[in-house]
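A.B. asks: Take this structure first; my questions come after.
Residue numbers (the UniProt record's numbering), protein chains in the order written: chain R, 1 to 299; chain V, 1 to 270.
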């Protein structure tokens, strides 16, 4: 491969960009709403320390989608079924963090193995095969896209309705239970919403790369903000910028969408980390100056 | 607070068995408004479970609990302030001090998280009341253990509860912060609330505490500090020689066996 080929792969579509954009319009919408939902749900994924669970669910979601492909069923339905099974298993067997991680570690390779088996047995269009693992939103059919957008919207609304009790339960489960928050139900609801979001993400970015939209934007936001409004808003913004930006850049050429999305989301994280570290040093120094005199007076 | 005829907390005939082992039984306890009761005893003696049973989060094996004259029927009770035993929050927690307090004000509420002015005013009131104005807008992760605990007191007082339950609220705090937290709890009790406080060290509370519930060895003793914290009473309770020594204005308990060791003596003394 020479530089001309690379340039062609990246920018070959620029002269006809307007026409391409019209074709992938729905993909951009799907990316936008998933970026939004992924950023928001990621805030809770981090608070509940469930990044590994996201990865585990995505592998079973992939297995479900591959099974659907094999038997000729709807792929989106397959990925949702896989997600729900994984979310229910993790929620049921792994209420404590340590149990949860070992269960995910057990489920993940099994799911991935099943998926690979189903793909190997499948005789259809080979382009479909790896798109489930590495994602190719622009090849998703338009009726499926509508479904992905609708599911994301449902997750978004449900998340907003349980927002505060979910937050309380994630940050301070003992106090939340003491104040009458139905913590068991909240956890279950969250697992189901997470499962749905993962199933959508599998089609947009691929099972292997789901974390780039469901964890990275929230992790970046938490580096530079602390407020209950600022963190989710920034996370959602980072998610949308990564997903939409990735799709818009990718369709200018012939390269897959996913590496663009993962790179944008990673660069955002890096920038936030540098900014946050710099600011953190200042705050810690402030804090040290502030507490010293008080301590010495009282001692 | 005079409109309440019934005591903030009334426990009758309570027993707790876990894993075939009886932790205590026959517990009757009525806590009056303005009363501060400390619960002492070795770890594993069911002190935390007692608090959780009052909150409706665990079931007693026998007996009844009434909070404000109402039988505990469902999990959780916003009429009770609760300070759970906690570790300091991780450094990178995406939460400011005031958000920790706000969880007590609106954290239980379902529906779209639209900020309300009334909530914000209540949070500001609570922050002022606990003297946290200086650090309320900082990330909680960089605050000291004492500052975090004061914010948790603010969270627990969100609904001005008639009953406050505290589980080891002074652990790993320095002396100044212990005094600050005790001061906040004491002030709330003076406003007419009852306080039940689990602790392993009575010293920061001496002079404030009205009665002590000492649980050990499957039994308990309830009474004024000077009547409970004596070598005779604790020796009888543990069924082993225990000495209460005075060191200046502090008390030191020497020789109290831990929960597991004392268990073997259970049948002889129960």
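Even for Gly, the Cβ is constructed at its ideal location relative to N, Cα and C.
(1) Does any CB atom of chain R fall closer than 8 Å to the CB of residue 77 of chain V?
(2) Quick one: what's got a C-beta closer than 8 Å to residue 201 of chain R's C-beta in the same chain, skipping five residues either side?
(3) Using the beta-carbon of each residue, which ones in chain R are nearer than 7 Å to residue 155 of chain V?
(4) Of the residues R/23, R/255, R/223, R/219, which one's Cα is nearest the Cα of residue 43 of chain R?
(5) If you reduce the DSSP assignment to three classes, tell me which class residue 43 of chain V lands in.
(6) Touch check for the region 157-167 of chain V and the region 175-195 of chain V: three-plus C-beta pairs under 8 Å?
(7) Alpha carbon to alpha carbon, how far is residue 75 of chain R from residue 24 of chain R? Give it in angstroms, no decimals.
(8) Do the CB positions of residue 49 of chain V and residue 16 of chain V come within less than 8 Å of each other?
(9) With a threshold of 16 other CB atoms inside 10 Å of the CB of residue 27 of chain R, please say whether the residue is buried or exposed.
(10) Is there a Cβ from chain V that is less than 8 Å from the Cβ of residue 45 of chain R?
(11) Sorted by chain position, which residues of the same chain lie with C-beta nearer than 6 Å to residue 119 of chain V's C-beta, five sequence neighbours on each side aside?
(12) Does the beta-carbon of residue 247 of chain R have 16 or more other beta-carbons within 10 angstroms, so that it is buried, or is it exposed?
(13) Between residue 17 of chain V and chain R, is there a C-beta pair that is closer than 8 Å?
(14) For residue 99 of chain V and chain R, any beta-carbon pair shorter than 8 Å?
(15) Would you mind sorting residue 141 of chain R into buried or exposed? The rule is 16 or more other CB atoms within 10 Å of its CB.
(16) Determine whether the beta carbon atoms of residue 197 of chain V and residue 211 of chain V lie at a separation below 8 Å.
(17) Should residue 8 of chain R go down as buried or exposed, given a rule of 16 or more other Cβ atoms within 10 Å for buried?
(18) Within 10 Å of its beta-carbon, does residue 98 of chain V have 16 or more other beta-carbons around it, so buried, or fewer, so exposed?
(19) When the Cα atoms are used, what is the spatial distance from residue 215 of chain V to residue 45 of chain V?
(20) Hey, does residue 275 of chain R have any beta-carbon neighbour from chain V nearer than 8 Å?
(21) Out of R/66, R/40, R/15, state which residue places its alpha-carbon closest to the alpha-carbon of residue 231 of chain R.
(22) Output needed in chain order: residues of the region 112-127 of chain V with a Cβ under 9 Å from some Cβ in chain R.
(23) Compare the C-alpha of residue 119 of chain R against each of R/237, R/66, R/224, R/62 and name the closest.
(24) When DSSP labels each residue in this structure, what does residue 131 of chain V get in the three-state scheme?
(25) I'd like the span of the alpha helix (DSSP H) that includes residue 147 of chain V, first residue to last.
(26) If you reduce the DSSP assignment to three classes, tell me which class residue 205 of chain R lands in.
(27) Quick one: any contact between the region 128-145 of chain V and the region 86-93 of chain V, if contact means 3 or more CB pairs under 8 Å?
(28) Taking beta-carbon pairs under 7 Å, can you tell me which members of the region 192-223 of chain R lie near chain V?
(29) Quick one: residues in its chain with C-beta nearer than 7 Å to the C-beta of residue 177 of chain R, no 5 flanking neighbours on either side, listed in chain order?
(30) Going by DSSP, which residues form a beta bridge with residue 80 of chain V?
(31) Can you tell me which residues form a DSSP beta bridge with residue 223 of chain V?
(32) Helix, strand or coil for residue 25 of chain V per DSSP?
(33) With DSSP run on the structure shown, which of helix, strand or coil describes residue 250 of chain V?
(34) With 8 Å set as the bound, which would you pick, yes or no: does the beta-carbon of residue 178 of chain R sit closer than that to a beta-carbon of chain V?
(35) Kindly say whether residue 57 of chain V, judged by its beta-carbon, lies nearer than 8 Å to any beta-carbon of chain R.
(36) According to the neighbour-count rule (16 or more other Cβ atoms, all chains shown, within 10 Å of its Cβ), is residue 63 of chain R buried or exposed?
C.D. replies: Let me spell this out:
(1) yes
(2) 34, 38, 58, 210, 213, 214
(3) 175
(4) R/219
(5) coil
(6) yes
(7) 20 Å
(8) yes
(9) buried
(10) no
(11) 105, 106
(12) buried
(13) no
(14) yes
(15) exposed
(16) no
(17) exposed
(18) buried
(19) 6 Å
(20) no
(21) R/40
(22) 112, 113, 115
(23) R/66
(24) coil
(25) 145-156
(26) helix
(27) yes
(28) 222
(29) 183
(30) V/163
(31) V/212
(32) strand
(33) strand
(34) yes
(35) yes
(36) buried
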